[in-house]
Amino acid sequence: MSNSFSVETPECIECENDNVLKCLVETSGSYDENLALTTIPTLKKQIDSINDRERIIEKTLEGYSMSAIASMKRSGDYAIKFAEWVKCTFNFDVSTSTIDRALREFHYTLKQATEVPERRNTLSTIELGTNYATSFRELEVDNDDKNLVFLDEAGFAVVTRPSRGRNMRGESAYLSVTAARSKNISVVAAMNKYGMIYHKIHEKAVNGEDFKLFIKEINESCQRQGILTSIFVMDNARIHYYRGLNDDEEITSYRIKYLPP
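So for the sequence shown, full-length UniProt numbering puts the first residue at 1; every next one is plus one.
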């Protein structure tokens, strides 16, 4: 007895699939002996379409609405995964239709998920926001509104490269480039409700010592514009809590108010 084996190439597998589709067409009564292989993709789409129609009819007869059927189609993968999880966890088989029926009874429907940061809607965060709003209103009552100065900084990575080029029609345009080395530029600005008070372009990323210098320059700009008792309002960026700020006697005399998380 001779030991032999054969390996099916992708071409053989594709040919076999094409023959199967031809057989399906033949049994359906629409077989043509001159059927070209180029029509096979069209036949695949037709068969998929027939299967979809059959599923829609079946679900309609079971009492499902069209929106529910569409929802089941979109959530099919999740139902299958959930059925597998039930099998692995409880060693119990449950069909995807049962899962869908149970979810509908609980009035659960498939929706587009919205990402929500973990701390945004916690009770502690809401309370902090409420307290901040109350204290801010008190500041507006006790201080001239021009004294409320809002400041922040923003960084930009600047990369300049041509994005378009010319070549012969039908040919792509290629450009030989070196590794991307972007230039960091930061913009520091301060303003109140009446307009801009200070702005500066910094040719690199802002560090703690840079911010320490900026806040002093902002205070000087406020003094020149008649804002003598300024209150600096800023967010909770790490750089705004730079330890060096507490080591400077001048800055420790500033009134600084941080936004809630």
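For every residue, glycine included, the Cβ atom is placed at its ideal position computed from N, Cα and C.
Treat the numbers as computed from the prediction; the structure is a model and nothing was measured.
Looking at the unbroken beta strand (DSSP E) that takes in residue i, where does it start and where does it end?
i	result
residue 263	For the chain, the structure presents residues 1 to 261; residue 263 sits outside this window and is missing.
Tyr194	No beta strand (DSSP E) contains Tyr194, which DSSP labels as neither H nor E.
Applying the criterion that 16 or more other CB atoms from any shown protein chain within 10 Å of the CB defines a buried residue, is residue i buried or exposed?
i	result
Asn236	exposed
Asn246	exposed
Phe214	buried
Ile218	buried
Val158	exposed
Leu21	Unreliable positioning characterises Leu21 in this predicted model, as indicated by a pLDDT of 46, which lies under 50. A coordinate reading is not provided.
His240	buried
Asn192	buried
Using the DSSP secondary-structure output, state which residues sit across from residue i in a beta bridge.
i	result
Tyr258	Met234
Gly185	Rather than Gly, the amino acid found at residue 185 in this sequence is Ile. For Ile185, which the question treats as bridged, DSSP gives the partners Phe156.
Phe150	Met191 and Val233
His199	Ala189
First and last residue of the alpha helix (DSSP H) that includes residue i?
i	result
Leu213	Gly208 to Arg224
Ala102	Thr96 to Glu105
Thr133	Per the sequence shown, the amino acid found at residue 133 is Ala instead of Thr. Per DSSP, Ala133 belongs to the alpha helix (DSSP H) from Leu123 to Asp142.
Thr252	Glu249 to Thr252
With a cut-off of 8 Å on the beta carbons, I'd call residue i and residue j a contact; round off their distance for me.
i	j	result
Ile227	Val149	7 Å
Ile197	Gln223	Ile197 to Gln223, Cβ: 11 Å. No contact.
Ile251	Lys216	7 Å
Using 8 Å as the threshold, is the segment 118–136 in touch with the segment 246–260, meaning 3 or more CB pairs across them? Touching, per the Cβ criterion.
Check whether the segment 203–217 touches the segment 174–194, counting contact only when three or more Cβ pairs, one atom from each stretch, lie closer than 8 Å. Three or more Cβ pairs closer than 8 Å define a contact, and the segment 203–217 meets that threshold against the segment 174–194.
Cβ contact (3+ pairs, closer than 8 Å) linking the segment 104–111 and the segment 147–166: The segment 104–111 is not in contact with the segment 147–166.
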